[in-house]
Amino acid sequence: MNFHIDTAYFHEICITVLYGFVALLTFVLLERIVYYGILKWRVRGIRKGLDTSGRLTPTGESLAGRDVLARSVADYVRVQDEPDVTRSRVEDLSSALYLTMDARVSARLWILDTIVTAAPLLGLLGTILGIMDTFDALSAGGISDPAAVSRGIAAALLATAIGIGTALYGLMAHNLLHRVADVILEEFKSFLLTATR
27 MNFHIDTAYF HEICITVLYG FVALLTFVLL ERIVYYGILK WRVRGIRKGL
77 DTSGRLTPTG ESLAGRDVLA RSVADYVRVQ DEPDVTRSRV EDLSSALYLT
127 MDARVSARLW ILDTIVTAAP LLGLLGTILG IMDTFDALSA GGISDPAAVS
177 RGIAAALLAT AIGIGTALYG LMAHNLLHRV ADVILEEFKS FLLTATR
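Under our numbering, the letters of the sequence shown match residues 27 to 223, in that order.
This is the structure in structure tokens:
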């Protein structure tokens with residue numbers, strides 16, 4: 027029984043998936059940039075909620091909003107105004123709010139990290155399948171034209187080039203977004219420390 031794999035078909039699938047990775051990277055990058063822009067705009071609004079002593083006030087439009095940043099800061103200020111609130115309760119709340127904020131701000135960054143890791147490997151797999159297809163064509167047809175062999179290998183190497191390019195694009199996007207996320211989380215931590223009474 028002779029088992030044959032259509033390597034040309036799987037080579038094309040690898041390249042198509044890599045193009046899909048590029049589209050997914052672009053979508054996540056744009057979505058996170060818009061989301062981070064909204065959060066940065068909210069940070070400016072919360073800064074306006076600082077009173078003359080530098081503490082956050084629970085009133086005013088600066089803490090009103092549906093985003094996780096404004097809600098978390100408003101909840102933190104509100105809990106501190108409750109009668110008989112303990113220091114450990116406030117510290118537990120600040121830790122819980124920070125973890126929630128971190129999860130929201132860092133959402134979908136794992137997709138970039140996964141693509142950065144998978145894209146070069148998928149590109150290499152596509153190249154191997156493309157070279158196998160070239161050698162199958164050589165052995166089946168007895169092609170002795172060096173130009174045909176070169177074209178086949180060049181087409182096979184396209185998958186590696188796309189894979190490495192995708193990984194570089196994803197790495198730059200991941201590092202940029204991760205840095206902006208860190209700045210937003212540091213601002214949030216600063217608000218929590220400022221709001222402590």
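Think of the CB as a built atom: it goes at the ideal place given N, C-alpha and C, for glycine as much as any other residue.
Determine, using beta carbons only, whether residue i and residue j come nearer to each other than 9 Å.
i	j	result
Leu155	Ala185	yes
Val131	Leu119	no
Ala193	Pro146	yes
Leu125	Ala207	no
Leu56	Ile210	no
Leu138	Gly196	yes
Met127	Val94	yes
Ile141	Phe36	no
Ala96	Arg68	yes
Leu123	Asp101	yes
Leu203	Tyr62	yes
Where do the N-terminal and C-terminal ends of the alpha helix (DSSP H) with residue i fall, by residue?
i	result
Arg134	Looking at the DSSP string, Arg134 is not in any alpha helix (DSSP H), and its letter there is neither H nor E.
Lys74	Where Lys74 is concerned, there is no enclosing alpha helix (DSSP H), given that its DSSP letter is neither H nor E.
Val105	Val94 to Gln106
By a C-beta neighbour count over all protein chains shown, 10 Å radius and 16 as the cutoff for buried, is residue i buried or exposed?
i	result
Ser88	Bear in mind that a pLDDT of 48 at Ser88, under 50, signals an unreliable position, so the model cannot answer this.
Asp159	buried
Leu219	exposed
Arg58	buried
Ala173	exposed
Arg70	exposed
Val99	buried
Ile41	buried
Thr112	exposed
Phe53	exposed
Gly80	Legend: pLDDT at Gly80 = 49, less than 50; position of this residue unreliable, no value from coordinates given.
How close, in whole Å, do the beta carbons of residue i and residue j come, if the pair is a contact with beta carbons under 8 Å?
i	j	result
Gly178	Gly149	Not really, about 17 Å apart at Cβ, beyond 8 Å.
Ala199	Leu51	6 Å
Thr153	Leu183	6 Å
Return yes when the C-beta of residue i is under 8 Å from any heavy atom of the ligand GTP, and no when it is not.
i	result
Pro109	With respect to the ligand GTP, the structure offers nothing, as it holds no ligand at all.
Mind pulling the alpha helix (DSSP H) runs of 4 or more residues that sit fully within the segment 114-202? 135-167
Would you mind listing the beta strand (DSSP E) stretches within the segment 33-71 that are 3+ residues and don't spill past its ends, in chain order? none
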